[in-house]
Each structure stands twice: as C-alpha cells, then as structure tokens.
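Asker: After the structure tokens below, expect a handful of questions from me.
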Amino acid sequence: MVGLGMVFGAGVGYLEWYKAHVLSRMERAFEPGYDPALELSTLHAPNAAHIERKEQGLIDRIVRGEERGGYYLIIGPKGSGKGTMILDAEGASFCEAHPDLEVFRLRLGKALDFDFFEDWQGSLFSRADPRQGGPALDVERALNKLEKVALRYAKKHKRPLVLAFNNVHLFPDSPEGHALLHQLQQRAEAWAEGASHQIYSLLTS
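In this note's numbering, the protein residues as written are 63 to 267.
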C-alpha cells in the first residue's frame, strides 16, 4: 500500500508539474527573441530597410493591443509586404500555413513551443494516447492551452498575445482544409468578441 501511495503521489506531482511546464513554455514563445521567423528576418541583413507601408502603423497598434474588438485578415499579392509588416511590428508569434495539415500542426507547435503532449511521460496514469485525434484536434488542444497562457501573459505584461497565421490560402481546398480554416476563424471571432481581448489574431492571404 505504501508503495502504491508513493507511485500515485509521484504521478500526481508529475502531472501538476507538466501542466505548469507546458504553460510556461508557451508563454516563453511570445517573449522577444524566441520566434525563429523574427530572428531570421534580421540575421542575414540586419541593416536592411524596407519602404514602410502606410498600413504599418495599424499593424503596430494591433500588436501592441491598441486595436480592440476584431480579428484581422490581411490580403494582398505575393511579395507585397504582408508578412514583413507583421515581422517588423515585433511581439507576435508567427505561424506559416501549409497544404499538409500534419505539417501545419508541427509549425503551430513550433510557433507556440508546444509539443502536443508528445513529450508526456505519464503513460502509466493515462487512459488514452493524448496524440490520438488528428491535426484538427491537436490544433484545438494548442488553442485551449493558449487561452490559459493569455491570462497569465496579460496579468504580467498588460497586453494581449498576438498570433499571426501567414498564407492561409495554402490550406487545402478540401473538407479538412475548410474545417481547419473555419476552426481558426471561429476562435478568432470568439477572441475578438471577448470582454478581455487577451488574444489577437492576424491572418494573411
């Protein structure tokens, strides 16, 4: 009985630590210097300058949390500077869309520093593999965790999280691709309508 109690106690302790660890990692993904896309944009040409678009001020205000009550779809031709404006604003987590939804799942995990519980070592206490369900369910899990992180982030930094999805037109023209786009749009609408406005969404196409 003592041995079972120690095992149970260790399992509960590991579970609580793991939950806190996941939230801390996701919060770190929004700190300056984490996002590889932001860092690589200045690595090879740190002094390169772009012609500033007239919309840059609006993007800056969105990222700073000054434009409340909406989510934003940025549309324009390839190479017109949509992604550059977001990268120049600084403070957003940047995720590239992809036709393969499994690849997009991995990219979202990288952008949020979230492993979708693939590093979970508590299988002894689990009833099912947390990875089951496919990309759509994994994206839902990531966004659920992001909402918890947003509460902590807002209290600490007094500003919302900003999550940008680039090139959403790359999602496949299929029921699965449509469902994923609707899933992201539904979350963006819910975040925009929320009273606290703790997460802002940017989608570019």
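Heads up, the beta-carbon is just placed ideally off N, CA and C, and yes, glycines get one too.
Which residues in the same chain as N109 place their Cβ atom closer than 6 angstroms to its Cβ, once the five residues preceding and following it in sequence are excluded?
Answerer: Interpretation of N109 is limited by its pLDDT of 49, a score under 50 that renders its predicted location unreliable; the figure taken from the coordinates is listed afterwards. Taken in chain order, the list of residues that qualify is empty.
Asker: If distances are taken between C-alpha atoms only, which option among I261, G239, K210 comes closest to A226?
Answerer: It is I261 whose Cα lies nearest to the Cα of A226.
Asker: Roughly how many angstroms lie between the CA atoms of S263 and G127, to the nearest whole one?
Answerer: Each residue's Cα considered, the two are about 11 angstroms apart.
Asker: What span of residues does the beta strand (DSSP E) with E158 cover, start to end?
Answerer: Per DSSP, E158 belongs to the beta strand (DSSP E) from 155–158.
Asker: Assuming Q248 and E202 are in contact, meaning their beta carbons sit under 8 angstroms apart, how far apart are those beta carbons, in whole angstroms?
Answerer: Their Cβ separation, rounded to whole angstroms, is 10 angstroms, which puts Q248 and E202 out of contact at 8 angstroms.
Asker: With distances taken from CA atoms, which of F92, P161, F156 is nearest L232?
Answerer: When each option's Cα is compared against that of L232, the closest is P161.
Asker: For E117, I'd like the list of residues in its chain whose CB is within less than 6 angstroms of its CB, leaving aside the five on either flank, ordered along the chain.
Answerer: Counting only Cβ-Cβ distances below 6 angstroms, and skipping sequence neighbours, we find nothing.
Asker: Using C-beta distances below 6 angstroms, list every residue in its chain close to I136, excluding the 5 sequence neighbours before and after it, in chain order.
Answerer: K144, T266.
Asker: What residues in its chain sit with their C-beta under 6 angstroms from that of V230, if we drop five residues either side in the sequence?
Answerer: So the list reads A159, L265, S267, once near-sequence residues are dropped.
Asker: Which same chain residues, not among the five before or five after L243, have their C-beta less than 7 angstroms away from its C-beta?
Answerer: Contacts found: V230, F233.
Asker: Apart from the five residues on each side of it in sequence, which residues of its chain come closer than 8 angstroms, Cβ to Cβ, to L85?
Answerer: K207, K210, V211, R214.
Asker: Return the residue from the list N228, R90, K218 that minimises the CA-CA distance to P139.
Answerer: The residue with the shortest Cα to Cα distance from P139 is N228.
Asker: Between which two residues does the beta strand (DSSP E) harbouring N228 extend?
Answerer: Here the beta strand (DSSP E) through N228 covers 223–228.
Asker: Measure the C-alpha to C-alpha separation of D177 and E93 and round it to an integer number of angstroms.
Answerer: About 18 angstroms.
Asker: Report the three-state DSSP secondary structure of Y133 (helix, strand or coil).
Answerer: If DSSP states are grouped into helix, strand and coil, Y133 belongs with coil.
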